[in-house]
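> Yeah, the sequence shown ends on 313 if you go by the numbering used here, and it's all consecutive.
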Amino acid sequence: MTTRYAKIAMTLALAAFAFLTAFNNITDYRSNFNFVQHVLSMDTTFPDNAARYRAIVQPWLWHGAYWLIILGEAITAGLLGYGALKLWQARKAGGETFTRAKRWTIAGLTTGFLVWFFGFMVVGGEWFLMWQSEVWNGQDAAFRFYMALLGALIFLNQPDATID
């Protein structure tokens, strides 16, 4: 049971993290919007950067990208919250039932991984060359987030013993 409770607790903690991230992005919109604006406009990458043709300079696209990020964070929070509930409900069930209850948490962890790895590392980091910016580089923070999600996903998918 200790392992099952650990899986539920980790799911809840990550749900809280994703919720607070989305909440903060909505309630303090301008702070992180500035981050998205600078990354997408590539205005702080190396000056002789040949890839600056990728820059997005339309404010409506900055807002759209930011709301897509917030939506991904909110979906992650919702899936993880619901996943924690389903795990809690199945905590005393057999191994097969508990394994089936993991699907919502798996979906939430995967969604979060896509937000922070694909969104921030692949799109922001490599397509918009965020790594070139000394000021608007969120790769270290994104790395911490997606590694926590990935670690929880690996732990969650370890087989669970059947409870008598």
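No residue lacks a Cβ here, since even glycine has one placed at the ideal position from N, Cα and C.
As the structure is a prediction and not an experimental result, all values here were calculated from the model.
Locate the alpha helix (DSSP H) running through K156, then write down its first and last residues.
From DSSP, the alpha helix (DSSP H) with K156 extends over 151-176.
> Alpha carbon to alpha carbon, how far is A171 from W216?
Looking at the two C-alpha atoms, the distance is approximately 10 Å.
> Leaving aside the five residues before and after E247 along the sequence, list all residues of the same chain whose C-beta is less than 8 Å from its C-beta, in chain order.
Inspection of the sequence shows that residue 247 is occupied by Phe rather than by Glu. R153, L236, A239, R240, D309.
> Report the rounded CA-to-CA distance for N181 versus I303, giving the unit in angstroms.
Looking at the two C-alpha atoms, the distance is approximately 30 Å.
> Grab me the residues of N286's own chain with a C-beta within less than 7 Å of its C-beta, minus the 5 sequence neighbours each way, in chain order.
Within the same chain, N286 has close Cβ partners M279, W280.
> Going along the chain, which unbroken runs of the alpha helix (DSSP H) with 4 or more residues stay wholly within the segment 162-246?
With a minimum length of 4 residues, the continuous alpha helix (DSSP H) runs that stay inside the segment 162-246 are 178-190, 208-238.
> Specify, as a first and last residue, the run of the alpha helix (DSSP H) that D289 falls within.
Start and end: 288-305.
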